[in-house]
Structures are given as C-alpha cells and as structure tokens.
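A.B. asks: Heads up: the sequence shown is residues -8 to 401, going by our numbering.
For each residue, glycine too, the CB sits at the ideal point set by N, CA and C.
Pasting a structure here, questions to come.
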Amino acid sequence: METNFSRIKETITDMSRFNSEGPGISRFSYSRDDLKARKYLLDICESIGLKVRVDAVGNIFARYEGLQPELEPVVSGSHIDSVKSGGMFDGIVGSVGALECARVMKENNFVPKRPYEVVFYAEEEGSNFQVPVMGSKILTGKLGIEDLKKMKTLDGETAYDTIKKAGFNPDKIPEDVIEKGKIKASLELHIEQSVRLDLEHHTIGIIEGIAGCQWYRVTFKGKQNHAGATPMHLRQDPMCAASECISKIKDMAKETTKTAVATVGFIEAKPNIPNAIPAEVSFTVDIRDISNKSMDDIAIRLKKEAEKAAKNNGCEVTCECGATSNAIEIKDYMKNIMKDEAEKLGLDYIFMPSGAVHDSNYMAEITDVGMIFVPSIDGRSHVPEEKTSFEDIKAGADLLLNTILKLTEE
Ligand SMILES: [Zn+2]
C-alpha cells in the first residue's frame, strides 16, 4: 500500500481555499472558513465510511474500524487552523496525511487489527484566545470549562461563548476528556518549520524528543549614579554584570548537549537613560532541550554565572523561574519502527529534536507519541511563503502509513 500523490496535493490545495483574507492563509478555529473546511473534511470522512465524533470544542475524530474494535486505537492527525497570514502547509500536511492513510486502507479493502482514528485538532495556533494548543489541552484534561470562561478574544468575547456560537458544546468537556491508556499511540506528520532538513537535503526527520522549556528572569540590582562623575572602580553597575552573564549563555547551551538552546530575548534597564549607571537590569533566559536534566544543568550553571557576575560588579542578583514545560521523550520502540520503515521505503532520514510545541506535546500526557517532519523550504513557516514540496509530503505520508500499519497490528 502507498499513498496517492495527486490526491494529497489536491486535498491540501482544496483546504487552502477555505480562507477569505490574504495574504497567505488566515483560518482561525470557529470562523466561517474553519466551519467550511470542517465540512469539506467531514464529507471525505463520511464518503469512505469513517465514524465521526466531534468533541466539546470541535476536535474531530474519524474512526476506521479495526478487526478488534475493543482494542485501543492508533490515532494520527494535526491541526486545521492557522495563524494570521500563515501558510497552507502548517497543520494541514499532518491532517491530510493522516486522512490519506485511511483513504489508502479503504481503497485496498484493508482492515487493521486495531482501529485507526484520524484526528483534526481545533485551535492549535492560539489565534483566537492567545492560548496555543487549546484543542489538545482540553481533550487531555489540561484546560476546562472555567478556563474557557476566562480566556478571551481580542474583542473581549470569552472562548466559551465563541465555541458555543460556532455550534459546539463546551459544557460537555468533562465527558470528552480522554484518559491515559485509552489510545494505543498518537502520530503526527508536520512540516519542520525550520531550516535543517532543507539545508542538509534530507527528506524526513524522525523526532527523537520534543523539547521542553524553562524560562528564567535574571535581575541584577546595583547603584544608580551619574555616568560622568562616578569613577569606574567605585561603580556597582548592573549592566556590566548582566552583560558578563549574558555573554556566557551561548556556551552554556553549546557545552551541555547538541540539542540544547538558550536565548536572551528580552532585556530591561531601569531607569533606561543614557547618562546614568542603571539601578537595575533584568533579562529573560529561555532554555530548551529534549532532556529535562540538561535544562536543569543549564539552569544551575546560569545561576552560578549570574552570582559570579554580580560579585564581580558589586551587585545583587535574583534568578526566578517562570513558566516551564517538560521535555517529552519519544519511546525507543517508536523511533525504531519509524527508522526501519524509513529504511524499507528508501527514504533519506535523520533523527532530530522538535523545538516547537505541537498537539503531540499534550497527547504525550496520555499515550506514546511519534512525530515525522518533512522539510520547510528555506525554513519558512507562519508566513504566506511557507512551502514544502508535495514529493516530500508524500514521502512523509508513506512513512506515516507504514508506521500506522505496524502499530495497528500490535
Ligand atoms: Zn502546526
């Protein structure tokens, strides 16, 4: 069995038409275009006899029955919403790829041992309520009705009301939460959204781990004083301390693991005027890696370097941990199946980490996950120019299909 190139291309192209506002694709969950896109997908699902269930917030599950319906299903899919002026491949590649696998099974009259379910996640991009990955957070029990009543659109409408107006029933969230162990495995095909596969000319990235994140805010306090009249040796300059510390951060990541990254993306000086030594300088450090231990190690080193820099400059320092999310480990058996199947298909693959957050991050709370990346040309994503070749998408869909076929027989 193999996926159908023209059908994948046609379905992805069709999906890009559910978009009324250019440039690029702006299809927010619960919008008119989203409801049209859902209808289009549901019609395909029904035409091949899938049993469709739509949950409280609009996540769609379409089931291809197995020989043993009592067994936990293997699920695969991605999101069908977009950012404002995004591209036509983000989310859609994995949604259409997962649907294609069901279409292939159907046309070959193949019935797997376990059921297979295609899933289309709602509100992944956070475009409506600035809360990303909402659909999968809700179906895994990480967000509830009360949260939806607090989350708002930029126009001030609550998520609860927006979802209700679109014809879904958020009141039934509690009964739609999927418990741990009720799904055999969850797979997601996705565009890479970065440059590595394109730059190194690989077709497939088999995800070896999904990065977690730790955010710190480092604040140096010194003594505000005149920039002209204060001799250098009498200064307590928090800017000097901050710069000493920041200059070490690149090496902290590079020397810890090959996959770790650390970024200072925000810096603030008080009072932030040109002719005074600042009283206070604070900055954020965003640490990511596919191992929780390595993130912890970097954080320990960050604190040590911050203390050293404070001491060198007669300042005080605090290092507060803000948000964190755990790294997600991909099980060895999952990586091995994908590797074996990629080799059988003769695909050029590499193992790589996933740096961005996907629905799979939350599915990992309730089941084993696997992810496949296909190249983003020039690494561009969340822009109208976002592009992935249909040949690569077909290769990714074939690997997804073969992985599903293996897992549904277990
Ligand atoms: Zn996406």
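Quick check on cysteine 312: buried or exposed, where buried means 16 or more other Cβ atoms within 10 Å of its Cβ?
C.D. replies: Along the sequence shown, read from residue 1 onward, the residue named residue 312 stands at position 321. With fewer than 16 Cβ atoms within 10 Å of its Cβ, cysteine 312 is classed as exposed.
A.B. asks: Which residue or residues does DSSP assign as beta-bridge partners of tyrosine 55?
C.D. replies: On the sequence shown, position 64 is the one that residue 55 refers to. Paired residues: Tyr107.
A.B. asks: Only counting the same chain, and skipping five residues up and downstream in sequence, which positions put a Cβ closer than 7 Å to that of leucine 130?
C.D. replies: Along the sequence shown, one-based indexing puts residue 130 at 139. Correct list, in chain order: Asp46, Asn50, Asp167, Val168 and Ile169.
A.B. asks: Around the C-beta of lysine 284, are 16 or more other C-beta atoms found within 10 angstroms, so that it is buried, or is it exposed?
C.D. replies: By one-based count along the sequence shown, residue 284 stands at place 293. Flag for lysine 284 reads exposed.
A.B. asks: Bridge partners for threonine 315 per DSSP, in chain order?
C.D. replies: Here residue 315 refers to the residue found at position 324 of the sequence shown. Threonine 315 pairs with Gln205.
A.B. asks: Using DSSP with H/G/I as helix, E/B as strand and the rest coil, what is threonine 254?
C.D. replies: Taking the sequence shown and counting its residues from 1, the one referred to as residue 254 is at position 263. Three-state DSSP puts threonine 254 in a strand.
A.B. asks: Do you know how far the Cα of glycine 196 is from the Cα of glutamate 183?
C.D. replies: Position 192 of the sequence shown, counting from 1, holds the residue named residue 183. Position 205 of the sequence shown, counting from 1, holds the residue named residue 196. Going by the C-alpha atoms only, they are around 8 Å apart.
A.B. asks: Please state if the CB of valine 48 and the CB of isoleucine 136 are separated by a distance shorter than 8 Å.
C.D. replies: Numbered from its first residue, the sequence shown carries residue 136 at position 145. Numbered from its first residue, the sequence shown carries residue 48 at position 57. Result no, Cβ atoms of isoleucine 136 and valine 48 do not sit closer than 8 Å.
A.B. asks: Answer yes or no: the CB of glutamate 115 versus the heavy atoms of ligand 1, is any distance below 7 Å?
C.D. replies: Within the sequence shown, the letter at position 124 stands for residue 115. Under cutoff, so the answer is yes.
A.B. asks: Please report the Cβ distance between threonine 210 and valine 276, rounded to the nearest whole angstrom; I am assuming they are in contact, meaning their Cβ atoms lie under 8 Å.
C.D. replies: As a first step, residue 210 is located in the sequence shown; it is residue number 219 there, counting from the start. As a first step, residue 276 is located in the sequence shown; it is residue number 285 there, counting from the start. About 12 Å separates the two Cβ atoms, so there is no contact after all.
A.B. asks: Using a threshold of 7 Å, is the CB atom of histidine 217 nearer than that to any non-hydrogen atom of ligand 1?
C.D. replies: Numbered from 1 along the sequence shown, position 226 holds the residue referred to as residue 217. No - ligand 1 has no heavy atom lying nearer than 7 Å to the Cβ of histidine 217.
A.B. asks: Using only Cβ atoms and a threshold of 5 Å, which residues come within that distance of a heavy atom of ligand 1? Order them by chain position.
C.D. replies: Qualifying residues come out as Asp81 and Gly82.
A.B. asks: Can you tell which of Ser86, Ser345, Tyr21 and Thr248 has its C-alpha closest to the C-alpha of serine 185?
C.D. replies: On the sequence shown, residue 185 is found 194 positions in, with the first residue counted as 1. Checked all of Ser86, Ser345, Tyr21 and Thr248; the closest Cα to serine 185 is Ser345.
A.B. asks: Check for me: the beta strand (DSSP E) holding tyrosine 21 runs from which residue to which?
C.D. replies: By 1-based counting over the sequence shown, the position of residue 21 is 30. No beta strand (DSSP E) holds tyrosine 21; DSSP gives it neither H nor E.
A.B. asks: Look up glycine 88 in the DSSP assignment and say whether it is helix, strand or coil.
C.D. replies: By 1-based counting over the sequence shown, the position of residue 88 is 97. If DSSP states are grouped into helix, strand and coil, glycine 88 belongs with the helices.
A.B. asks: Give me whichever residues DSSP pairs with glutamate 259 in a beta bridge.
C.D. replies: Taking the first residue of the sequence shown as 1, we reach residue 259 at position 268. DSSP output for glutamate 259 lists Ser273 as bridge partner(s).
A.B. asks: Quick test of your reading: tyrosine 21 and aspartate 5, contact by CB under 8 Å. State the CB separation rounded to the nearest angstrom.
C.D. replies: Working through the sequence shown from its first residue, we reach residue 21 at position 30. Working through the sequence shown from its first residue, we reach residue 5 at position 14. In fact, because the Cβ distance is near 20 Å, the residues do not count as touching under 8 Å.
A.B. asks: Quick test of your reading: alanine 300 and glutamine 215, contact by CB under 8 Å. State the CB separation rounded to the nearest angstrom.
C.D. replies: One-based indexing of the sequence shown puts residue 300 at position 309. One-based indexing of the sequence shown puts residue 215 at position 224. Actually they do not touch by this definition, with Cβ atoms about 18 Å apart.
A.B. asks: If we count the other Cβ atoms within 10 Å of its Cβ and call it buried at 16 or more, is leucine 391 buried or exposed?
C.D. replies: Taking the sequence shown and counting its residues from 1, one reaches residue 391 at position 400. Buried is the call here.
A.B. asks: Can you tell me whether threonine 358 is buried or exposed, with buried defined as 16 or more other CB within 10 angstroms of its CB?
C.D. replies: Along the sequence shown, one-based indexing puts residue 358 at 367. Label assigned to threonine 358: buried.
A.B. asks: Just reading off the beta strand (DSSP E) that aspartate 359 is part of, what are its end residues?
C.D. replies: The count along the sequence shown starts at 1 and reaches residue 359 at position 368. 359 to 365 is the span of the beta strand (DSSP E), which, as asked, contains aspartate 359.
A.B. asks: Expressed to the nearest angstrom, what Euclidean distance is found between the alpha-carbon atoms of valine 124 and serine 351?
C.D. replies: Along the sequence shown, one-based indexing puts residue 124 at 133. Along the sequence shown, one-based indexing puts residue 351 at 360. Using only the alpha carbons, I get a separation of about 9 Å.
A.B. asks: Considering glutamate 179, what are the terminal residues of the beta strand (DSSP E) in which it resides?
C.D. replies: Here residue 179 is taken as the residue at index 188 of the sequence shown, counted from 1. Element bounds for glutamate 179: 176 to 182.
A.B. asks: Quick check: the Cα distance between aspartate 287 and alanine 314, rounded to an integer number of angstroms?
C.D. replies: By one-based count along the sequence shown, residue 287 stands at place 296. By one-based count along the sequence shown, residue 314 stands at place 323. Rounded to the nearest angstrom, the two C-alpha atoms are 14 Å apart.
A.B. asks: Between which residues of its own chain and cysteine 231 is the CB-CB distance below 6 Å, once the five residues before and five after are set aside?
C.D. replies: Along the sequence shown, read from residue 1 onward, the residue named residue 231 stands at position 240. Counting only Cβ-Cβ distances below 6 Å, and skipping sequence neighbours, we find Asn304.
A.B. asks: On the criterion of 16 or more Cβ atoms from any shown chain inside 10 Å, does glutamine 59 qualify as buried, or is it exposed?
C.D. replies: The residue you call residue 59 lines up with position 68 of the sequence shown. Its Cβ having fewer than 16 others within 10 Å, glutamine 59 is exposed.
A.B. asks: Flag threonine 149 as yes if its beta-carbon sits less than 8 Å from any beta-carbon of chain C, otherwise no.
C.D. replies: The displayed structure is made up of one protein chain only, and chain C is not part of it.
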